[in-house]
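> Residue numbers (this note's numbering): 212 to 407. Ideal Cβ placement from N, Cα and C applies to all residues, glycine included.
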């Protein structure tokens, strides 16, 4: 889900979580670099719609250290993999990966690693590819082997909905193009259409 700030990217993702109610799908919402009040509003909205029964919220707010914002998506993904590997279906929302990339850039610059395009380190593509490629479907044999025979005949899946914030609708920037090349499809939210 890609677009400028304040045009409803998070709303699309939260609606997707709310719509999983009663389907047996476990949802994980990872808030990265957002204000605590914004995260509280998301949790309140999920509670109002009865979605917190099937949702885990992982939060690394704007006040948290850059290292926490960098690690939060990986922590959320590990939780999603737990459900996937037990033959269940899970969905994870990363809100948003642009802020994780900024946190990673801060850490890399502090560690005096050589900066590349837009001052991001050279391995910023790997940062997101190793995260998003963990969202997958696993077959019944894998689930049976992982659970030591406890769960038989079930396939598990993890679906990722990464959110990317653009600056002035520029989808050709470094992080947006990286994530677009990793993902299977994109929902592009246009500022002009939102305001009309």
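Nearest-angstrom Cα distance between residue 322 and residue 382?
Distance between the alpha carbons of residue 322 and residue 382: 29 Å.
> So, does the segment 256-264 touch the segment 281-294, judging by three or more C-beta pairs under 8 Å?
Taking 8 Å as the limit for Cβ pairs, the verdict is that the segment 281-294 does not touch the segment 256-264.
> Who are the near neighbours of residue 271 in its chain, counting only those whose CB is closer than 6 Å to its CB and skipping five residues on each side?
So the qualifying residues of the chain are 243, 279, 280 and 283.
> I need the straight-line Cα distance from residue 314 to residue 343, nearest angstrom please.
Rounded to the nearest angstrom, the two C-alpha atoms are 18 Å apart.
> I need the straight-line Cα distance from residue 264 to residue 232, nearest angstrom please.
Near 8 Å, if we compare the C-alpha coordinates of residue 232 and residue 264.
> Among 331, 358 and 312, which residue has its Cα nearest to the Cα of residue 294?
Answer by Cα proximity: 358.
> Return the Cβ separation of residue 367 and residue 386 in integer angstroms, given the expectation that the two are a contact with Cβ distance under 8 Å.
About 29 Å; that fails the 8 Å criterion.
> Give a yes or no on contact between the segment 325-334 and the segment 362-377, applying the rule of three or more CB pairs nearer than 8 Å.
With the cut-off at 8 Å, the segment 325-334 and the segment 362-377 do not touch.
> Please say whether residue 372 and residue 347 have beta carbons closer to each other than 8 Å?
Cβ atoms of residue 347 and residue 372: not closer than 8 Å.
> Taking 8 Å as the cut-off, decide whether the C-beta atoms of residue 296 and residue 354 are in contact.
Yes, Cβ-Cβ distance for residue 296 and residue 354 is below 8 Å.
> Return yes when the C-beta of residue 232 is under 7 Å from any heavy atom of the ligand SAM, and no when it is not.
Absent from the structure shown: the ligand SAM. Ligands present: none.
> Mind checking whether residue 277 and residue 247 have CB atoms under 8 Å apart?
Not closer than 8 Å, so no.
> Can you find the residues in the same chain that come closer than 6 Å, C-beta to C-beta, to residue 317, ignoring five residues on each side of it along the sequence?
277, listed in sequence order.
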